[in-house]
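Numbered according to this note's numbering, the sequence shown spans residues 50 to 260.
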Amino acid sequence: MDKKITKIAAIIIGTIVAVVILVMGYRLMAGVLTRAADIEPRDVIISDISQNSVKVTWSSGIDTQGVIEYGNSPTALNFFAPEVQRSKSHSVDLTLLSPNTTYYFQIRIGEKKYDNGGVPWTFTTKGVEKKTVVPTALPTKTPADTTNLPKPIQTIAISPIVGDRNVIYECNETDCQKIKLKLGKGCSTQDYMKCLKKITTTVTTTLTPTP
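Right, dumping it as structure tokens:
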């Protein structure tokens, strides 16, 4: 009888111990799994991409402090950018990058490395902007308003009429006044003087008294 009681008691105690161990083991495993899920980076965002820098942000379930490992090749992540403090909201600026270059990175927290489903996250920096020089248009010269400017005096050059030296002009006038009007036009000064002498002689003859 005593043996049976002892055996039953041992079974009961063993069952209790087994249940306790199972419960503790489950809780321990759940804690480990939960802790790993809380540490894992969530909602990784790449923003503020420029020629020489970029910002990487993510979140975690608990306070962690990570390091971004990055480089120009997915198999050579040789550069490091650590966080300055532990937090649930994480932000790291990658600087001194080369323009128009593709980079790859992963996040390391403790000894665990996290990537984008088996491959590193990637981004490409902006290229150098080419400055377009726009030629400045030269001001066009407006013609001066000449409406109110005084008009220049027009000068007419009159060429002297040179008579043919081989032509002999003959004065047929007997009236001294007409000869005077035709001076240079067929009559000469000599013709005019001859006419005046004839008049003087005539007048003198007329005024001489008869003896």
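Glycine included, each C-beta is placed from N, C-alpha and C at the ideal position.
DSSP-derived helix/strand/coil call for residue 91: One-based indexing of the sequence shown puts residue 91 at position 42. Residue 91 falls in the strand class under three-state DSSP.
Below-9 Å beta-carbon distance, residue 177 vs any chain C residue: Looking for chain C here will not work: only one protein chain is present.
Neighbourhood of residue 92 by C-beta distance below 7 Å, restricted to the same chain and skipping five residues each side: Within the sequence shown, the letter at position 43 stands for residue 92. 107, 108.
C-alpha gap between residue 148 and residue 131, whole angstroms: In the sequence shown, residue 148 corresponds to position 99, counting from 1. In the sequence shown, residue 131 corresponds to position 82, counting from 1. Distance between the alpha carbons of residue 148 and residue 131 is about 22 Å.
Helix, strand or coil at residue 142 [DSSP, three-state]: The sequence position of residue 142 within the sequence shown is 93, counting from 1. Of the three classes helix, strand and coil, the one that applies to residue 142 here is strand, per DSSP.
Integer-rounded CB distance, given that residue 129 should sit under 8 Å from residue 116: Here the question's residue 116 lines up with position 67 in the sequence shown. Here the question's residue 129 lines up with position 80 in the sequence shown. The pair is a contact, with the Cβ atoms about 6 Å apart (cut-off 8 Å).
Per DSSP, the bridge partner or partners of residue 108: Within the sequence shown, the letter at position 59 stands for residue 108. Paired residue(s): 91, 138.
Contacts around residue 104, its chain only, beta-carbon distance under 6 Å, and the 5 residues preceding and following it disregarded: Residue 104 sits at position 55 when you count from the first residue of the sequence shown. Cβ neighbours of residue 104 beyond the five flanking positions: 96, 97, 142.
Residues near residue 236 in its chain [Cβ-Cβ closer than 7 Å; skip 5 each side]: The residue you call residue 236 lines up with position 187 of the sequence shown. If we look at residue 236 and ignore the five residues flanking it on each side, its Cβ neighbours are 220, 222, 228.
Through-space distance from residue 230 to residue 245, alpha-carbon basis: Reading the sequence shown from its first residue, position 196 is the one you call residue 245. Reading the sequence shown from its first residue, position 181 is the one you call residue 230. Computed Cα separation, rounded: 14 Å.
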